[in-house]
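> Take a look at the following structure, please.
There are 2 protein chains.
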Amino acid sequence: MPNKFPAPPYYIVAFSSQRLDADHLAYDAMSDAMVELAQVQPGFIGFDSARDAAGFGITNSYWESEDAIRAWKRNVDHLAAQRLGRLNWYEAYDVRIGRIDRAYGFGRK
Amino acid sequence: MPNKFPAPPYYIVAFSSQRLDADHLAYDAMSDAMVELAQVQPGFIGFDSARDAAGFGITNSYWESEDAIRAWKRNVDHLAAQRLGRLNWYEAYDVRIGRIDRAYGFGRK
Chain A
162 MPNKFPAPPY YIVAFSSQRL DADHLAYDAM SDAMVELAQV QPGFIGFDSA RDAAGFGITN
222 SYWESEDAIR AWKRNVDHLA AQRLGRLNWY EAYDVRIGRI DRAYGFGRK
Chain B
162 MPNKFPAPPY YIVAFSSQRL DADHLAYDAM SDAMVELAQV QPGFIGFDSA RDAAGFGITN
222 SYWESEDAIR AWKRNVDHLA AQRLGRLNWY EAYDVRIGRI DRAYGFGRK
C-alpha cells in the first residue's frame, strides 16, 4: 500500500469468514496453496487478507473481470478447498462480489 | 453470518490499513466511536472488520447508495478521525469503493 493496482474499474470478491478453532495446520497449508494458485489465475490482480485472534477474517481479492472470478470459483483445486472449508474449517462465511469503481490510498514517505 | 443484509445491489467501502505500532488506546477509542457513528448514518447496512497481530486490518462497510458513502466520508467527526489516522495511526491505507452485485453465504446449523 498504496496499491500498485491498475485504475478502476475492476472486480472484488469480499470473503468474510469465521474459522472453527480446529485443524489449523491443514487450514494454513491449504490457505497458502490457494493464495499461490490464485496468483497465477488469468485476470488476478491482487488481494488483502487479515484474520484476528478470535478467528474472524476477511480476504478481499481483486480481478480484471467477472469471468475471471467465475473461472477461479470453478477451478478444480479451489473447489476441493471450498468443500474442505465447509466440512472442516469454517463456522460460517459470506462471499460478496462486485465492481470497484473508485480507489485511493495513503502512505507515509 | 450468514448475513442479514438486503439482497444486492448495495455498495461497499473496502478499507485496508496497516497500523503504526503506537497510540493504541486512542486508536481503539476512536475506532469504537466511528463504528457507533457509522451505524446511525443514513444508508448504513453493516460492516465486517478484522485486524491481525501484525497490525494489518480490513474493514468492509456496506451502504445503500453511493450518496450514503459520500455523506459518511464528509461527516465532520469522521473527517477528524481520518485526519488523526493520517497523522498518528496508519502507516498506509487503501480505500476502494464499488457496488456489490451478488452475495451468498454458508453457516453451520
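Chains A and B are the protein sequences, given in the same order. Okay, so the first sequence: first residue is 162 according to our numbering, each after it adds one. Okay, so the second sequence: first residue is 162 according to our numbering, each after it adds one. Cβ coordinates follow ideal geometry from the N, Cα and C atoms, glycine included.
(1) For the alpha helix (DSSP H) that contains Q202 of chain B, what are its first and last residues?
(2) Could you please tell me which residues of the region 258 to 269 of chain B, in chain order, have their CB closer than 9 angstroms to any CB of chain A?
(3) Please name the residue or residues paired with S222 of chain B in a DSSP beta bridge.
(4) Which whole-angstrom value is the C-beta distance of Y172 of chain A and V256 of chain B, which I expect to be below 8 angstroms?
(5) Give every residue of the same chain whose Cβ lies closer than 6 angstroms to the Cβ of R212 of chain B, excluding the five residues on either side of it in the sequence, and list them in chain order.
(6) Count the C-beta pairs between the region 243 to 260 of chain B and the region 233 to 246 of chain A that are closer than 8 angstroms, then say yes if the count reaches three, no if not.
(7) State the beta-bridge partners of Q179 of chain A as determined by DSSP.
(8) Quick test of your reading: F166 of chain A and G207 of chain A, contact by CB under 8 angstroms. State the CB separation rounded to the nearest angstrom.
(9) Which residues mark the beginning and the end of the alpha helix (DSSP H) in which R244 of chain B is found?
By the coordinates alone:
(1) Element bounds for Q202 of chain B: n/a, residue is neither H nor E.
(2) I258, G259, R260, I261, D262, R263, A264, Y265, G266, F267, G268, R269
(3) DSSP output for S222 of chain B lists B:V174, B:F208 as bridge partner(s).
(4) Their Cβ separation, rounded to whole angstroms, is 17 angstroms, which puts Y172 of chain A and V256 of chain B out of contact at 8 angstroms.
(5) G218
(6) Because the criterion of three Cβ pairs below 8 angstroms is not met, the region 243 to 260 of chain B and the region 233 to 246 of chain A do not touch.
(7) A:F217, A:A253
(8) 6 angstroms
(9) 237 to 245
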